[in-house]
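In what follows, a structure is listed as structure tokens, so that the remarks can point back to it.
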Amino acid sequence: MKNLLSAAVIGLGIAATGQAAAEPLKIGMITTLSGGGAGLGMDTRDGFMLAIKQAGNKDIEVITEDDGQKPELAVQIADKMIQSDQVDILTGIVWSNLLMAVAPSAVAQGKFYVSTNAAPAALAGEKCNPLYFNAAYQNDNLHEAMGEYANKDYKKMFIMAPNYPAGKDSLTGFKRYYKGEVAAEVYTQVGQTDYAAEIAQIRASGADGVFIFLPGGMGIAFMKQYSQSGVKTPVMGPGFSFSQDVLPAIGDAALGVKNSGQWAKDLDNEANKKFVPAFQAEYGRLPSIYAVQAYDAAQLILSAAAKADVKDTEAFRAELLKADIQSPRGKFKFNTNQHPIQDIYVAEVIKEDGVLTNKIIAPVFTDHGDAYAKDCKM
Amino acid sequence: MTLSRETLINLILIVLLAAVPFVALGIGQPFYITLATRIAILALAAVGLNLVLGLGGLVSFGHAAFFGIGGYVAGILAAHASSGEALMFGLAGSDQMPVIWLVTLIVCGIVGLAIGAVSLRTSGVYFIMITLAFSQMIYYFAVSWPAYGGEDGLSILVRNRFPGVNSMKPISYFLICLGMLIAGLGLFSLIRASRFGAALQAARQNAVRVAAVGISPYPIRLAAFTLSGMITGVAGALYADLNRFASPSMISWHMSGELIVLIVLGGTGRLFGPVAGAMLYVVFEFALGGLTERWQFFLGLILLAVVLFARGGLLGLLAGKARHG
Amino acid sequence: MTIALAIEQLLNGLQLGVMLFLMAAGLTLIFGVMGLINLAHGSLYMVGAFACATIAAWTGSFWLGLVASLAAAAAAGAIIELTVIRRLYDRDHLDQVLATFALILIFSEGTRWIFGSFPLYLDIPPLLQGAVALPGGAEYPLYRLAIIAVGAAVAIGLYLLISKTRLGMRIRAGESDREMIGALGVDIRTLYTIVFALGSALAGFAGAMVGALQSVQVGMGEPVLILAFVVIVIGGIGSIKGALIGAILVGVVDTLGRFLLPQILAILLPPAQAGLMGGALASMLIYIVMAVILAVKPRGLFTAHG
Chain E
0 MKNLLSAAVI
10 GLGIAATGQA
20 AAEPLKIGMI
30 TTLSGGGAGL
40 GMDTRDGFML
50 AIKQAGNKDI
60 EVITEDDGQK
70 PELAVQIADK
80 MIQSDQVDIL
90 TGIVWSNLLM
100 AVAPSAVAQG
110 KFYVSTNAAP
120 AALAGEKCNP
130 LYFNAAYQND
140 NLHEAMGEYA
150 NKDYKKMFIM
160 APNYPAGKDS
170 LTGFKRYYKG
180 EVAAEVYTQV
190 GQTDYAAEIA
200 QIRASGADGV
210 FIFLPGGMGI
220 AFMKQYSQSG
230 VKTPVMGPGF
240 SFSQDVLPAI
250 GDAALGVKNS
260 GQWAKDLDNE
270 ANKKFVPAFQ
280 AEYGRLPSIY
290 AVQAYDAAQL
300 ILSAAAKADV
310 KDTEAFRAEL
320 LKADIQSPRG
330 KFKFNTNQHP
340 IQDIYVAEVI
350 KEDGVLTNKI
360 IAPVFTDHGD
370 AYAKDCKM
Chain F
0 MTLSRETLIN
10 LILIVLLAAV
20 PFVALGIGQP
30 FYITLATRIA
40 ILALAAVGLN
50 LVLGLGGLVS
60 FGHAAFFGIG
70 GYVAGILAAH
80 ASSGEALMFG
90 LAGSDQMPVI
100 WLVTLIVCGI
110 VGLAIGAVSL
120 RTSGVYFIMI
130 TLAFSQMIYY
140 FAVSWPAYGG
150 EDGLSILVRN
160 RFPGVNSMKP
170 ISYFLICLGM
180 LIAGLGLFSL
190 IRASRFGAAL
200 QAARQNAVRV
210 AAVGISPYPI
220 RLAAFTLSGM
230 ITGVAGALYA
240 DLNRFASPSM
250 ISWHMSGELI
260 VLIVLGGTGR
270 LFGPVAGAML
280 YVVFEFALGG
290 LTERWQFFLG
300 LILLAVVLFA
310 RGGLLGLLAG
320 KARHG
Chain Z
0 MTIALAIEQL
10 LNGLQLGVML
20 FLMAAGLTLI
30 FGVMGLINLA
40 HGSLYMVGAF
50 ACATIAAWTG
60 SFWLGLVASL
70 AAAAAAGAII
80 ELTVIRRLYD
90 RDHLDQVLAT
100 FALILIFSEG
110 TRWIFGSFPL
120 YLDIPPLLQG
130 AVALPGGAEY
140 PLYRLAIIAV
150 GAAVAIGLYL
160 LISKTRLGMR
170 IRAGESDREM
180 IGALGVDIRT
190 LYTIVFALGS
200 ALAGFAGAMV
210 GALQSVQVGM
220 GEPVLILAFV
230 VIVIGGIGSI
240 KGALIGAILV
250 GVVDTLGRFL
260 LPQILAILLP
270 PAQAGLMGGA
280 LASMLIYIVM
290 AVILAVKPRG
300 LFTAHG
């Protein structure tokens with residue numbers, strides 16, 4: 000029994016090489032490796048581990064565990080990592096609801112949390128915390144970018160998202176920048192896979208553009224059904240619905256869709272030119288945005304660890320804030336609420352050598368922060 | 000009075016559970032206290048379900064509804080206590096566990112009465128499915144109701160308080176939960192031995208005969224269903240406080256399934272079945288989850304083997320055939 | 000609201016109903032003949048979709064994929080019937096729920112093991128691509144019309160099978176008295192395996208057809224499974240006719256609810272609020288309908304027997 004449990008404690012982690020001298024920096028990665036959202040978690044883990052491997056720093060230990068996309072399991076793992084493994088930093092959670100279950104109590108216990116994806120509004124605004132960093136974006140950012148982009152060509156937009164907080168944030172973000180008329184604002188069921196009723200409404204609405212935020216399987220189903228419906232109104236959305244992991248399943252129905260992102264694999268900078276081939280060589284697939292965000296989160300932690308001891312919270316935090324990294328996204332710095340300030344682009348889905356992928360067509364925002372930073376008092 | 004083999008095993012189980020935190024502290028693995036707390040809470044939830052499922056023979060596939068309601072009562076009261084805003088009808092929130100438990104009992108009692116009144120008109124597969132339908136209804140309501148976090152769930156920033164105890168200390172909280180579990184077990188065994196319990200079990204074995212002696216099974220089952228929901232609800236409130244988080248996933252049909260699994264793993268209808276089942280389940284989940292990402296595959300195999308070949312569950316293996324039904 | 004929109008939404012409801020019928024027919028048949036409650040029915044739906052996507056990707060033909068989905072789901076059904084399910088016939092519902100719950104875990108995680116976590120690609124065949132014009136000026140996807148037609152054909156086929164063939168006679172006999180037909184020399188074990196494989200094949204077929212429209216991924220069967228249970232409970236468990244009527248009722252109520260409730264609420268509330276509340280209410284609607292029906296008729300609309 001004890002052996003079994005201690006084997007479990009080590010988990011998938013990379014065991015520290017027995018250096019007695021320096022106390023290794025312990026990072027607990029909680030991410031989704033089983034269940035429907037496992038693809039995102041695997042990209043998160045692989046992107047993160049690529050940076051760790053490239054750094055070759057033997058004093059960093061990463062313990063990885065699967066949350067199965069269940070909040071209560073994530074909390075349990077976080078408790079275990081904090082109490083038994085005594086990690087210094089937690090990271091890796093993909094979903095906002097899991098993050099809200101873990102991060103506030105982790106930082107309350109004096110641990111750093113560096114988010115690789117989820118970025119709910121609450122933690123960017125009033126409930127921001129000196130120990131909470133987000134290396135990805137703020138949830139609203141990509142939706143805001145599409146709102147700004149839609150101003151150019153579209154007078155009347157049909158907007159749609161699942162009926163949950165991230166969905167509401169999405170449409171709020173879109174409307175924050177979109178100045179035209181909103182034909183209808185529709186909230187669909189979480190996990191819905193048949194969009195016939197909504198497509199009929201789009202057809203009847205007379206809108207000249209459609210904005211959707213439907214992550215994962217929901218977006219795949221919508222796009223396939225939409226392409227069959229005979230409705231020709233152009234579709235756009237945030238990058239998550241059209242990232243590298245879902246494009247193959249949507250197929251040609253995705254061609255020509257405009258979507259926003261803070262990274263694309265053809266982004267022209269030195270770090271990106273090294274990152275994309277390195278990821279492909281290591282894992283045999285194209286990286287997604289989740290891999291990039293996790294790669295940057297690892298880089299941030301590595302950069303701070305090189306200059307400060309994590310036990311010295313203030314010093315370590317100051318080093319993290321400098322964001323002294325070469326991001327594949329290009330420019331990257333932290334805002335006052337410790338969320339990124341970065342450029343956001345609009346990309347179009349194209350076919351390149353028979354593979355569907357995104358190509359950047361234009362920048363929408365440069366040095367874009369978020370709307371909640373002003374509410375953050377630190 | 001000599002101890003029966005089952006009573007002896009029951010004693011060993013509860014002593015084992017109670018000892019875990021002290022051993023955990025001794026070997027410097029305080030996290031095991033959290034696991035033990037989880038076991039106690041899940042066992043309490045299953046004790047509630049065992050009342051209808053084990054004694055009454057009514058397979059409720061919707062007890063996650065009560066578990067979730069309990070969780071949300073804890074979360075909502077705590078949220079209002081910390082924000083200072085009044086709840087409906089000018090009532091204030093509360094961060095006192097006894098108050099939260101009382102409110103949970105009342106709310107789950109009302110909901111249980113309503114769900115039971117409709118569901119118990121049906122039987123067999125219809126009962127399984129209508130209880131599932133009610134919990135799905137509440138699930139979708141929780142997911143799409145924006146006021147308390149919807150799909151994102153509701154965080155409890157500081158664990159609610161218990162008079163005279165520092166509930167934030169893992170071991171104190173474990174003892175609170177263990178106390179509630181023992182109270183739940185006590186209530187269960189009182190009910191089982193009472194005339195009410197006898198009628199409930201008789202209605203399971205032969206409803207027609209019970210009716211023939213002038214006892215109507217419906218009110219008895221309704222009372223049992225309501226009581227059972229109340230117990231599971233309190234477990235939900237404890238669970239939310241353990242995780243400092245209430246979420247719609249507490250109400251999902253997987254949760255209802257897991258509660259049934261706990262009972263059957265341990266031994267259906269037995270007093271300590273839920274305890275044994277919860278111990279097995281949590282240890283499986285933790286040990287297998289650490290070894291392989293595919294742990295659900297193996298959990299499925301183990302479960303299948305228990306249903307097909309070890310019908311009495313763990314207690315059936317250890318203590319022999321059940322005395323009853 | 001225009002007439003064209005109303006017609007389109009009704010067709011959408013009908014199409015959802017027809018798809019649910021394919022699932023519900025198998026479930027209700029299995030319950031009617033063997034008295035078994037099978038939670039793993041959604042897994043067979045998933046097996047059909049994955050088989051179709053795999054074969055379609057391999058051969059380039061959706062139609063071969065469709066054949067494969069029938070074959071794979073029937074084979075998977077027969078295998079689990081032979082190894083697991085037949086041990087459950089004389090067990091109580093509790094054991095059946097649990098064992099088939101365990102099968103869901105095994106199927107889901109096993110499929111993920113083989114195919115990975117990313118959704119598979121499966122597209123509509125070229126023959127059924129695009130939309131056709133409806134009276135009133137609207138357009139409607141050809142593929143959805145095809146699903147309605149196929150569903151109707153399956154309903155008629157099942158009716159003929161059960162009322163006109165020798166197998167159907169045995170199935171009906173099995174529904175009314177299991178011991179008796181065994182005593183009369185019918186090989187019940189084989190009959191059960193055939194019925195289970197038939198129900199599985201229908202589920203797999205539904206999975207493949209819907210997979211082309213939605214997405215082929217692990218866990219795709221679970222929402223459909225729960226809806227299918229709602230359908231058979233409303234219709235009366237064991238009744239094919241009940242399953243058909245229940246399926247269309249659920250399909251139409253769900254579709255119209257999603258579309259009409261926000262609009263009705265918009266009369267009273269601001270639009271964003273109405274959208275949220277309407278969406279919330281719409282997702283609960285079919286469960287409310289089910290509870291009301293069972294409160295009035297505790298054994299569903301069409302009680303098959305007993």
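Protein chains in written order, with numbering that gives the first Met the number 0: chain E, 0 to 377; chain F, 0 to 324; chain Z, 0 to 305.
No residue lacks a Cβ here, since even glycine has one placed at the ideal position from N, Cα and C.
This one's a predicted model, so the numbers in the text were calculated from it and none came from an experiment.
Next on the checklist: Below 8 Å on C-beta distance, what does Leu275/Z contact in chain E?
Outcome noted: Taking the third sequence and counting its residues from 1, the one referred to as residue 275/Z is at position 276. The contacting residues are Asn162, Lys167, Tyr186.
Item to check | CA nearest to the CA of Thr302/Z, picked from Arg85/Z, Ala202/Z, Gly241/Z | outcome: Walking along the third sequence from the start, residue 302/Z turns up at place 303. Comparing Cα-Cα distances from Thr302/Z to each of Arg85/Z, Ala202/Z, Gly241/Z, the minimum goes to Gly241/Z.
Checklist entry - For Ile55/F, does the three-state DSSP call read helix, strand or coil? => result Residue mapping note: residue 55/F aligns to position 56 of the second sequence, counting from 1. Checking the displayed sequence, the identity of residue 55/F turns out to be Gly instead of Ile. Here DSSP, grouped into helix, strand and coil, assigns Gly55/F to coil.
Checklist entry - For the candidate residues Arg269/F, Val281/F, Val106/F, whose alpha-carbon lies nearest to that of Gly315/F? => result Here residue 315/F is taken as the residue at index 316 of the second sequence, counted from 1. For Gly315/F, the closest alpha carbon among the candidates Arg269/F, Val281/F, Val106/F is that of Arg269/F.
Item to check | Candidates Gln82/E, Phe333/E, Lys57/E, of which the one nearest Ile28/F by Cα | outcome: Looking up residue 28/F in the second sequence gives position 29. The question names Ile, but residue 28/F is Gln in the sequence shown. Ranked by Cα distance from Gln28/F, the options Gln82/E, Phe333/E, Lys57/E are led by Gln82/E.
Checklist entry - Should the stretch 74 to 86 of chain F be called in touch with the stretch 109 to 129 of chain F, which here means at least 3 C-beta pairs below 8 Å? => result Contact between the stretch 74 to 86 of chain F and the stretch 109 to 129 of chain F is absent, with fewer than three C-beta pairs closer than 8 Å.
Checklist entry - So does the stretch 354 to 363 of chain E actually touch the stretch 332 to 340 of chain E, counting three or more Cβ pairs closer than 8 Å? => result Short answer: they don't touch.
Item to check | chain Z contact residues for Ala132/F, given Cβ-Cβ distances below 7 Å | outcome: Within the second sequence, residue 132/F is the residue found at index 133, counting from 1. At a beta-carbon threshold of 7 Å, the residues of chain Z lying near Ala132/F are Val229, Tyr286, Met289, Ala290, ordered along the chain.
Item to check | Cβ of Val209/E within 9 Å of any chain Z Cβ | outcome: Here residue 209/E corresponds to residue number 210 of the first sequence, with the count starting at 1. For Val209/E, no CB of chain Z lies under 9 Å from its own CB, so it is not counted at the interface with that chain.
Checklist entry - Using DSSP with H/G/I as helix, E/B as strand and the rest coil, what is Pro125/Z? => result Within the third sequence, residue 125/Z is the residue found at index 126, counting from 1. DSSP places Pro125/Z in helix when its eight states are reduced to three.
Next on the checklist: 9 Å is my cut-off, CB to CB: does Gly324/F come that close to chain E?
Outcome noted: Sequence index remark: in the second sequence, residue 324/F carries index 325 (1-based). Residue placement at Gly324/F cannot be trusted, given a pLDDT of 39 that sits under 50; what the coordinates show is reported in the next sentence. No, because no Cβ of chain E sits closer than 9 Å to the Cβ of Gly324/F.
Item to check | Closest residue to Ala74/Z among Ser116/Z, Leu201/Z, Ile244/Z, Thr58/Z (Cα-Cα distance) | outcome: To locate residue 74/Z, count along the third sequence from 1; it is residue 75. The shortest C-alpha separation from Ala74/Z is found at Leu201/Z.
Checklist entry - Do Thr63/E and Asn116/E have their C-beta atoms within less than 9 Å of each other? => result Walking along the first sequence from the start, residue 63/E turns up at place 64. Walking along the first sequence from the start, residue 116/E turns up at place 117. When the beta-carbon positions are compared, Thr63/E and Asn116/E stay at least 9 Å from each other.
Next on the checklist: Under 8 Å: do the stretch 274 to 283 of chain Z and the stretch 292 to 299 of chain Z share three or more Cβ pairs, one atom per stretch?
Outcome noted: Look at the beta carbons and you see the stretch 274 to 283 of chain Z not touching the stretch 292 to 299 of chain Z: under three pairs across the two are nearer than 8 Å.
Checklist entry - Contact check, Leu16/F vs Ile38/F under 8 Å by CB: the rounded distance? => result Along the second sequence, one-based indexing puts residue 16/F at 17. Along the second sequence, one-based indexing puts residue 38/F at 39. Leu16/F to Ile38/F, Cβ: 6 Å. Contact.
Checklist entry - Do the CB positions of Asp240/F and Met96/F come within less than 9 Å of each other? => result What you label residue 240/F is simply residue 241 of the second sequence in a count that begins at 1. What you label residue 96/F is simply residue 97 of the second sequence in a count that begins at 1. At a Cβ-Cβ threshold of 9 Å, Asp240/F and Met96/F count as neighbours.
Checklist entry - When the cut-off is 9 Å and only beta carbons count, does Asp94/F lie next to chain E? => result Locating residue 94/F in the second sequence gives position 95, where the first residue counts as 1. The beta-carbon of Asp94/F is placed no less than 9 Å from the nearest beta-carbon of chain E.
Checklist entry - If Val86/E sits next to Ile26/E, beta carbons under 8 Å apart, how far is it from one beta carbon to the other, in whole angstroms? => result Reading the first sequence from its first residue, position 87 is the one you call residue 86/E. Reading the first sequence from its first residue, position 27 is the one you call residue 26/E. The Cβ separation is near 6 Å, so the contact holds.
Checklist entry - If the cut is a Cβ gap below 7 Å, which residues of chain F does Met99/E touch? => result As a position in the first sequence, residue 99/E is number 100, starting the count at 1. Those are Asp151, Gly152, Ser154, listed as they occur along chain F.
Checklist entry - Where DSSP assigns a beta bridge to Ala91/F, which residues make up the other side? => result Walking along the second sequence from the start, residue 91/F turns up at place 92. According to DSSP, Ala91/F shares a beta bridge with no other residue.
Item to check | Whole-angstrom distance between Ala148/Z and Ala195/E, CA atom to CA atom | outcome: Taking the first sequence and counting its residues from 1, the one referred to as residue 195/E is at position 196. Taking the third sequence and counting its residues from 1, the one referred to as residue 148/Z is at position 149. A straight-line Cα-Cα distance of about 17 Å links Ala195/E and Ala148/Z.
Item to check | 8 Å contact criterion, which Val46/Z and Leu303/F should meet: CB distance rounded | outcome: As a working note, residue 46/Z is residue 47 in the third sequence. As a working note, residue 303/F is residue 304 in the second sequence. 17 Å between Cβ atoms; not a contact.
Item to check | Sequence-distant residues of its chain with Cβ nearer than 6 Å to Ser214/Z (five each side left out) | outcome: The residue you call residue 214/Z lines up with position 215 of the third sequence. Short of 6 Å from the beta carbon of Ser214/Z, and not among the five residues preceding or following it, lie these beta carbons of its own chain, in chain order: Pro118.
Checklist entry - Would you report the Cα separation of Gly218/E and Ser240/E, rounded to the nearest angstrom? => result Position 219 of the first sequence holds residue 218/E. Position 241 of the first sequence holds residue 240/E. Going from the Cα of Gly218/E to the Cα of Ser240/E covers about 6 Å.
Item to check | Cα-Cα separation, Phe173/E to Val101/E | outcome: Position 174 of the first sequence, counted from the start, is the residue given in the question as residue 173/E. Position 102 of the first sequence, counted from the start, is the residue given in the question as residue 101/E. Answer to the nearest angstrom: the Cα atoms are 28 Å apart.
Checklist entry - To the nearest angstrom, how far is it from the Cα of Arg143/Z to the Cα of Met235/E? => result As a working mapping, residue 143/Z is identified with position 144 in the third sequence. As a working mapping, residue 235/E is identified with position 236 in the first sequence. Roughly 24 Å between the two C-alpha positions.
Checklist entry - Between which two residues does the alpha helix (DSSP H) carrying His367/E extend? => result Residue mapping note: residue 367/E aligns to position 368 of the first sequence, counting from 1. No alpha helix (DSSP H) holds His367/E; the beta strand (DSSP E) holding it covers 354 to 367.
Checklist entry - The beta strand (DSSP E) spanning Asn150/E covers which residue range? => result Taking the first sequence and counting its residues from 1, the one referred to as residue 150/E is at position 151. Element bounds for Asn150/E: not the beta strand (DSSP E) but the alpha helix (DSSP H), 140 to 152.
Next on the checklist: Check this for me: beta carbons of Phe111/E and Leu130/E, under 9 Å apart or not?
Outcome noted: Numbered from its first residue, the first sequence carries residue 111/E at position 112. Numbered from its first residue, the first sequence carries residue 130/E at position 131. Yes; because the gap between Cβ atoms is below 9 Å, this pair is in contact.
Item to check | Glu7/Z, DSSP secondary structure in three states | outcome: Here residue 7/Z refers to the residue found at position 8 of the third sequence. It is helical.
Next on the checklist: Distance check for Ala145/Z and Gln14/Z, CA to CA, integer angstroms please.
Outcome noted: Here the question's residue 14/Z lines up with position 15 in the third sequence. Here the question's residue 145/Z lines up with position 146 in the third sequence. Spanning the alpha carbons of Gln14/Z and Ala145/Z requires a straight line of approximately 9 Å.
Item to check | Beta carbon of Leu32/E nearer than 9 Å to that of Glu284/F | outcome: As a position in the first sequence, residue 32/E is number 33, starting the count at 1. As a position in the second sequence, residue 284/F is number 285, starting the count at 1. Taking the C-beta atoms as reference points, Glu284/F is found no nearer than 9 Å to Leu32/E.
Next on the checklist: Could you check whether the Cβ of Glu313/E sits closer than 9 Å to any Cβ belonging to chain Z?
Outcome noted: The residue given as residue 313/E occupies position 314 in the first sequence. With 9 Å as the cut-off, Glu313/E does not count as an interface residue toward chain Z.
Item to check | Per-residue contacts from Met41/E into chain Z (C-beta, under 8 Å) | outcome: By 1-based counting over the first sequence, the position of residue 41/E is 42. Correct list: Ser116.
Next on the checklist: I want to verify the contact list: residues of chain F whose CB lies under 7 Å from the CB of Asp78/E, in sequence order.
Outcome noted: For this step, residue 78/E is matched to residue 79 along the first sequence. Using a Cβ-Cβ cut-off of 7 Å, Asp78/E is close to Phe30, Thr33 of chain F, given in chain order.
Next on the checklist: Helix, strand or coil, according to DSSP, for Glu284/F in the structure here?
Outcome noted: For the purposes of this step, residue 284/F is identified with residue 285 of the second sequence, where counting begins at 1. Of the three classes helix, strand and coil, the one that applies to Glu284/F here is helix, per DSSP.
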